[in-house]
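Enquirer: Take this structure, written in structure tokens, and hold onto it; I'll ask about it next.
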Amino acid sequence: MVKHQPLQVYEKQVFVSFVTGIYGCRWKRYQRSQDDSSRWECAWFIILCSSFLLLLFWAYFWLVAQNDFNEFNWSVYNRSGEWRDETIPVLASTTVGFSYITFLLILALFHITLGQQLNLYWVHKIGVLATLLTTISGVVSVDDIWGDEWDILLVSLQSTAPFLHIGALATLTAFSWLVAGYVVRRERSNFQVLVLLSYIIILLAVNLAPLTFTCPCIMDRHSLKPRPDIIGRRGAPMLAPENTMVSFNRALQHGVSSLEADVTISVDGVPFLMRDRTLRRTTDVGKVFPARQFDDASFFNWTEIRSLNAGQWFLESDPYWTVETLTARDRSRIGNQTVCSLVEMLRLAARANSSALLNVHRPRPEHPRYRSWFMDTLWAVQKAGISQKRVRTVTWTPDTDRGRVRGLQQSTSERLSLAEIRQRGITSLTLHYSKANHKDIQEYLINNVSVTVYPVNEPWLYSILWCSGVPSVSSDAPQVLRKVPYPIWLMSRNAYRFIWITSDLVSLAVVVGIFCFQKWRMSGMQNYNPEQIMLSAVARRSSRDVNIMKERLIFSELNNGLSSTEDLCLYPENGHAGYSH
Numbered sequence: 000m001v002k003h004q005p006l007q008v009y010e011k012q013v014f015v016s017f018v019t020g021i022y023g024c025r026w027k028r029y030q031r032s033q034d035d036s037s038r039w040e041c042a043w044f045i046i047l048c049s050s051f052l053l054l055l056f057w058a059y060f061w062l063v064a065q066n067d068f069n070e071f072n073w074s075v076y077n078r079s080g081e082w083r084d085e086t087i088p089v090l091a092s093t094t095v096g097f098s099y100i101t102f103l104l105i106l107a108l109f110h111i112t113l114g115q116q117l118n119l120y121w122v123h124k125i126g127v128l129a130t131l132l133t134t135i136s137g138v139v140s141v142d143d144i145w146g147d148e149w150d151i152l153l154v155s156l157q158s159t160a161p162f163l164h165i166g167a168l169a170t171l172t173a174f175s176w177l178v179a180g181y182v183v184r185r186e187r188s189n190f191q192v193l194v195l196l197s198y199i200i201i202l203l204a205v206n207l208a209p210l211t212f213t214c215p216c217i218m219d220r221h222s223l224k225p226r227p228d229i230i231g232r233r234g235a236p237m238l239a240p241e242n243t244m245v246s247f248n249r250a251l252q253h254g255v256s257s258l259e260a261d262v263t264i265s266v267d268g269v270p271f272l273m274r275d276r277t278l279r280r281t282t283d284v285g286k287v288f289p290a291r292q293f294d295d296a297s298f299f300n301w302t303e304i305r306s307l308n309a310g311q312w313f314l315e316s317d318p319y320w321t322v323e324t325l326t327a328r329d330r331s332r333i334g335n336q337t338v339c340s341l342v343e344m345l346r347l348a349a350r351a352n353s354s355a356l357l358n359v360h361r362p363r364p365e366h367p368r369y370r371s372w373f374m375d376t377l378w379a380v381q382k383a384g385i386s387q388k389r390v391r392t393v394t395w396t397p398d399t400d401r402g403r404v405r406g407l408q409q410s411t412s413e414r415l416s417l418a419e420i421r422q423r424g425i426t427s428l429t430l431h432y433s434k435a436n437h438k439d440i441q442e443y444l445i446n447n448v449s450v451t452v453y454p455v456n457e458p459w460l461y462s463i464l465w466c467s468g469v470p471s472v473s474s475d476a477p478q479v480l481r482k483v484p485y486p487i488w489l490m491s492r493n494a495y496r497f498i499w500i501t502s503d504l505v506s507l508a509v510v511v512g513i514f515c516f517q518k519w520r521m522s523g524m525q526n527y528n529p530e531q532i533m534l535s536a537v538a539r540r541s542s543r544d545v546n547i548m549k550e551r552l553i554f555s556e557l558n559n560g561l562s563s564t565e566d567l568c569l570y571p572e573n574g575h576a577g578y579s580h
């Protein structure tokens with residue numbers, strides 16, 4: 000009877016220990032396994048992938064929604080009554096959650112690549128579920144509070160679609176290594192066929208996706224229209240309190256061509272500038288008139304309104320994180336601001352030779368100036384001494400009174416047909432960017448209808464509107480847009496077709512090459528029997544430490560009572576030591 004006791008020498012696998020230790024808390028070699036993962040662990044891997052895709056969508060949404068952060072905070076304020084920058088906790092939690100899920104997904108993919116069994120640690124399972132549920136609750140909350148903002152995703156694709164296509168193509172090409180490794184196995188199953196077909200369909204869909212793209216900046220460079228004029232929306236509210244004289248002055252300093260303001264009519268018929276329904280957010284009405292702080296702003300008379308401070312709130316709340324950049328002189332000037340009247344703003348526009356865009360809030364039916372609000376506005380325009388041709392009015396009401404405002408340029412925030420525009424006597428449109436598509440803009444401009452798009456605060460949005468031929472945009476950040484001398488990217492159609500087709504062909508060639516290599520690699524492994532694979536895996540050139548280990552084992556056996564007739568056998572060529580009886 001012959002008995003062999005092989006000595007197996009293990010090499011340190013630091014990287015494998017790191018991957019399996021963090022992912023599944025399996026730091027020791029004996030805790031790891033190369034068997035197929037259980038269905039339960041495969042389900043957790045699917046949950047992990049789903050969480051990553053949802054967080055990727057969520058992170059992209061907040062990246063492009065940065066254009067409207069002020070609108071989000073204003074929507075939350077109208078619900079809660081308290082002004083806070085609600086974007087900070089959202090961005091912080093999104094960054095942490097996305098980083099955590101991405102790290103776990105990378106570790107899981109390393110498990111698959113190294114042939115290790117998936118076994119997600121229970122602490123990570125709790126973390127993945129918590130992140131997934133938090134993200135889902137965030138999506139539901141945003142849909143409830145800010146549901147119109149989802150439109151920005153489609154608008155942003157006009158700028159990012161070509162780059163997202165390249166990124167998706169590169170990701171699918173790299174993912175083909177895992178798909179090929181799973182599909183070319185010796186064992187065949189229906190699930191393998193399903194995985195292969197799904198991958199092929201997704202790859203073809205991504206390859207053909209550019210056929211559906213509508214990107215205004217894919218155009219001939221010589222067809223680019225002049226740079227859109229920038230309108231200071233409530234002045235420069237990121238640098239000074241909105242709708243104040245210092246804010247309008249800062250906007251003019253940054254080269255705006257026009258000033259936009261929100262007009263409210265006081266109880267005694269004086270038009271003044273106020274965006275909110277109440278005075279709580281942008282004045283100290285809570286200190287001066289605490290019992291009336293929730294009253295409608297239009298039910299105060301001008302003397303009461305003029306007594307309020309309209310700048311201190313900006314220094315205290317710092318809504319755009321810009322107060323630290325202000326000088327002591329600027330802070331003192333901002334801290335002494337009062338509510339601005341329409342006449343003051345129009346006089347400033349006249350001195351600067353600029354125009355004005357007025358969003359007039361029509362008073363409520365019980366308001367004393369309900370029937371004369373348009374005459375009060377016209378009186379303020381005449382008193383300011385500005386030409387009526389340089390003043391555009393946008394009323395947030397039906398168009399029943401538009402015909403009574405003679406002389407002023409009339410605009411609307413509705414997307415109307417050309418027939419309706421001519422019937423109502425409207426000369427321009429002031430549209431939200433989600434309503435301004437490239438085709439309609441071109442149609443309006445051909446028919447001599449001016450278009451202003453709002454709010455435009457990010458260079459990428461400004462660039463695609465520039466490429467669309469929009470003549471003017473309304474912005475909360477004129478100091479940012481003035482630094483955009485040219486569209487962020489501009490490419491001819493032929494150049495983009497070349498990039499698109501070349502990237503598709505390279506991707507397909509790499510994918511086919513990976514599948515062929517995996518097939519060759521797997522067929523080579525199948526030519527060895529299990530014993531040859533084991534012996535090849537442990538065969539190493541003997542080192543001094545290995546020889547010492549063998550000698551100690553031999554002499555320990557001799558000391559335990561081996562007889563003189565026993566034969567001692569060594570197998571140095573295979574890296575094993577043994578004995579025979």
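Under numbering that gives the first Met the number 0, the first residue of the sequence shown is numbered 0, with each subsequent residue one higher. Quick reminder that beta carbons are idealized off the backbone N, C-alpha and C, glycines included. Keep in mind that this is a model prediction, so the values were computed, not measured.
(1) Just grab the DSSP bridge partners of residue 509 for me.
(2) Considering just the uninterrupted stretch of the beta strand (DSSP E) at residue 259, what are its terminal residues?
(3) Would you be able to state if there are at least three C-beta pairs under 8 Å between the stretch 228-238 and the stretch 462-475?
(4) Quick check on the burial criterion: 16 or more other C-beta atoms within 10 angstroms. Buried or exposed for residue 64?
(5) When the Cα atoms are used, what is the spatial distance from residue 375 to residue 344?
(6) Out of 417, 458 and 467, which one is the CA nearest neighbour of residue 446?
(7) So what's residue 243 in DSSP terms, helix, strand or just coil?
(8) Between the stretch 82-93 and the stretch 150-163, do three or more beta carbon pairs fall short of 8 Å?
(9) With 16 as the cutoff for other CB atoms within 10 Å, does residue 543 come out buried or exposed?
(10) Check residue 317 in the structure and name its three-state DSSP category.
(11) Who pairs with residue 355 in a beta bridge, going by DSSP?
(12) Measure the beta-carbon distance from residue 588 to residue 66 and round it to whole angstroms, keeping in mind my assumption that it falls under 8 Å.
(13) Go through its chain and collect everything with a Cβ distance to residue 233's Cβ below 6 Å, but skip five positions before and after it.
(14) Which two residues bound the contiguous beta strand (DSSP E) that contains residue 453?
(15) So, are the CB atoms of residue 226 and residue 80 less than 9 Å apart?
(16) If you measure between the beta carbons of residue 432 and residue 454, is that distance less than 9 Å?
(17) Tell whether a beta-carbon distance below 9 Å holds between residue 86 and residue 68.
(18) Give the DSSP bridge partners of residue 635, in chain order.
(19) With DSSP as the reference, identify every bridge partner of residue 473, one or two as the case may be.
(20) Is the stretch 41-56 touching the stretch 128-138, taking contact as three or more C-beta pairs under 8 Å?
(21) Residue range of the alpha helix (DSSP H) that residue 437 falls in?
(22) For the alpha helix (DSSP H) that contains residue 53, what are its first and last residues?
(23) Can you tell me whether residue 261 is buried or exposed? The criterion is at least 16 other CB atoms within 10 Å of its CB, across all chains shown.
(24) Per DSSP, what kind of secondary structure is residue 536 in: helix, strand or coil?
(25) Taking only three categories from DSSP, how would you classify residue 271?
(26) List the residues that DSSP assigns as beta-bridge partners of residue 308.
(27) Measure the alpha-carbon distance for residue 268 versus residue 302 and round it to whole angstroms.
(28) Go to residue 422, then tell me how far its alpha helix (DSSP H) extends in each direction, as first and last residue.
(29) Hey, residue 205 and residue 195: beta-carbon distance below 9 Å or not?
(30) Between the stretch 448-463 and the stretch 165-185, are three or more C-beta pairs nearer than 8 Å?
(31) For residue 300 versus residue 338, is the C-beta spacing smaller than 9 Å?
(32) Locate the beta strand (DSSP E) running through residue 409, then write down its first and last residues.
(33) Let me know if residue 540 comes out buried or exposed under the rule of 16 or more other beta-carbons within 10 Å of its beta-carbon.
(34) Run through the DSSP bridge pairs and tell me what residue 428 is partnered with.
(35) Who are residue 490's beta bridge partners in DSSP?
(36) Quick one: using the 10 Å Cβ neighbour count with 16 as the cut-off for buried, is residue 281 buried or exposed?
Expert: With the structure as the only source:
(1) Answer is none; residue 509 lacks a bridge partner.
(2) 257-264
(3) yes
(4) buried
(5) 15 Å
(6) 417
(7) coil
(8) no
(9) Confidence in residue 543 is poor, its pLDDT being 49 and thus under 50, which makes the residue's placement too unreliable to answer from.
(10) In this structure, DSSP gives residue 317 a state outside helix and strand, which the three-state scheme calls coil.
(11) DSSP output for residue 355 lists 258 and 390 as bridge partner(s).
(12) A question about residue 588 goes unanswered here, because the residues of the chain that appear run from 0 up to 580.
(13) 241 and 242
(14) 449-453
(15) Their beta carbons are not under 9 Å apart, which means residue 226 does not touch residue 80 by this criterion.
(16) yes
(17) yes
(18) There is no way to answer for residue 635, as the model of the chain reaches only from 0 to 580.
(19) 230
(20) yes
(21) Where residue 437 is concerned, the enclosing alpha helix (DSSP H) stretches over 437-445.
(22) Taken as a continuous stretch (DSSP letters only), the alpha helix (DSSP H) holding residue 53 covers 38-63.
(23) buried
(24) Interpretation of residue 536 is limited by its pLDDT of 44, a score under 50 that renders its predicted location unreliable; no figure is taken from the coordinates.
(25) strand
(26) 337
(27) The alpha-carbon atoms of residue 268 and residue 302 are separated by roughly 12 Å.
(28) 417-423
(29) no
(30) no
(31) no
(32) 408-411
(33) Residue placement at residue 540 cannot be trusted, given a pLDDT of 45 that sits under 50; what the coordinates show is reported in the next sentence. When all chains shown are included, residue 540 counts as exposed.
(34) 411 and 450
(35) 217
(36) buried
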